[in-house]
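Counting from 3, one number per residue, gives the positions in the sequence shown under this note's numbering.
One structure is given here, and the rest of the page talks about it.
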Amino acid sequence: MKLSWQQITLPALALGLLAFGAPGRADAQAAIKIDGSSTVFPISEAYAEEFQIQKRGKVRVTVGVSGTGGGFKKFCRGETDMANASRPILVAEMEACRKAGIKYMEVPVAFDALTVVVNPANTWAKSMTVAELRKMWEPAAQGRITSWNQVNPKFPKEKLMLFGPGADSGTFDYFTEAVNGKSKASRGDFTASEDDNTLVQGVESNKNALGYFGYAYYAAHKDKLTAVAIDNGKGPVSPSLENVTNGTYDPLSRPLFVYVRETSAKRPEVREFVQFMLTNGQLVSEVGYLPLPKSAYELAWKHFQNGKLGTVFGGHPQVGITIDQLQAMEGKL
């Protein structure tokens, strides 16, 4: 059964309502609670829908969106079973989990081409350099870089309207690290939202707008958005799954994760769900991201079965990591 992630919410909700409404079934229904990244949301929601159908209402999977940072806050308080993350867990989050006695497993699930987009009426910014993005988004740009021609004199003297993820977003963390050289270092005078659909609508509605978010949200709105090719010194490269695979979409290519709480991983329904995720990579493609190689999913499942805890990233973001590099790092876990 193939569904686009835009079609998933209502069937999933219907399953949940049926399960809770059926006499004698609600008490027996197992539940898995996931929260976090809006970038990873389409992946987890697709898996949740298919898994619930397979389990015929015996398991209810809920997927919330509070951003990667917000998801880790809930996760490290023990409020969720799994955290969706568009960047690895950070030192402060690791410490919060440690203090709360929360141990976890890091499970890579996909790769993303973080995408910079403009309105289709924008005819001048089909490609941009990383330096131009930095000039536009760095903290020093606040209140100073307010028109397109200030970014590049070849661009028109039009008002610059910026849309981006909020401070709890892993996409915000990764983009600022990759473009500005420091996580969370950004101008603050832009329209921010943890909901990527709000950012999509903002760029769709404004000729002079620019925004950034996960590739799946661009793929779902290709007819109303234009993706900007990124030049990191070797010529413009468009965001695409092919360019993520060959390693040329740099520095905005990144891995996506789910983190599973150790105590939750001992429950059969959680184990089954993680196994389902790691053996149905085609759903990643269907929602617009790049699945990992089969060998990577097999390794992740082996680690999960063996109860391997922690992160291979040491709590620090790593920009520009390739699929091969991720596999090599995970192999040492």
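Glycine included, C-beta positions come from ideal geometry on N, C-alpha and C.
Give the C-beta separation of residue i and residue j to the nearest angstrom, bearing in mind that I take them to be a contact with Cβ-Cβ under 8 Å.
| i | j | result |
| --- | --- | --- |
| residue 298 | residue 332 | 7 Å |
| residue 229 | residue 119 | 6 Å |
| residue 310 | residue 84 | At roughly 16 Å, the Cβ-Cβ gap does not stay under 8 Å, so residue 310 and residue 84 are not in contact. |
| residue 95 | residue 74 | 4 Å |
| residue 68 | residue 76 | 7 Å |
| residue 178 | residue 188 | 5 Å |
| residue 247 | residue 292 | 7 Å |
| residue 66 | residue 36 | 7 Å |
Under 8 Å Cβ to Cβ from residue i, same chain only, skipping five residues before and after it: list those, please.
| i | result |
| --- | --- |
| residue 206 | 121, 223, 226 and 227 |
| residue 239 | 231, 232, 233, 245, 250, 251 and 252 |
| residue 320 | 90 |
| residue 295 | 325 and 329 |
| residue 301 | 329, 332 and 333 |
| residue 1 | Limits of the chain in this structure are 3 at one end and 335 at the other, which puts residue 1 out of reach. |
| residue 267 | 107, 273, 276, 306 and 309 |
| residue 278 | 49, 52, 53 and 56 |
Can you list, in chain order, the residues of its chain whose CB lies under 6 Å from that of residue i, leaving out five sequence neighbours each side?
| i | result |
| --- | --- |
| residue 2 | Nothing about residue 2 can be read from this structure; the chain reaches only from 3 to 335. |
| residue 163 | 208, 210 and 211 |
| residue 257 | 110, 113 and 328 |
| residue 117 | 217, 220, 229 and 241 |
| residue 92 | 317 |
| residue 395 | Summary: the structure shown does not reach residue 395, with the chain confined to residues 3 through 335, and so no result is reported for it. |
| residue 33 | 62 |
Within 10 angstroms of the Cβ of residue i, are there 16 or more other Cβ atoms? Answer buried if so, exposed if not.
| i | result |
| --- | --- |
| residue 263 | buried |
| residue 149 | exposed |
| residue 53 | buried |
| residue 139 | buried |
| residue 141 | exposed |
| residue 57 | buried |
| residue 191 | exposed |
| residue 62 | buried |
My output table needs one value for residue i: the three-state DSSP class, helix, strand or coil.
| i | result |
| --- | --- |
| residue 81 | coil |
| residue 75 | helix |
| residue 137 | helix |
| residue 35 | strand |
| residue 251 | coil |
| residue 106 | strand |
| residue 149 | strand |
| residue 195 | strand |
| residue 222 | coil |
| residue 87 | strand |
| residue 265 | helix |
| residue 273 | helix |
| residue 312 | strand |
Which same chain residues end up closer than 7 Å to residue i when comparing Cβ atoms and leaving out the 5 residues on each side of it in sequence?
| i | result |
| --- | --- |
| residue 194 | 166, 167 and 168 |
| residue 160 | 149, 150 and 210 |
| residue 39 | 69, 70, 73, 86, 87, 88 and 172 |
Just list the residues that DSSP pairs residue i with in beta bridges.
| i | result |
| --- | --- |
| residue 164 | 212 |
| residue 258 | 112 |
| residue 232 | 130 and 239 |
| residue 292 | 113 |
| residue 64 | 35 |
| residue 120 | 212 and 228 |
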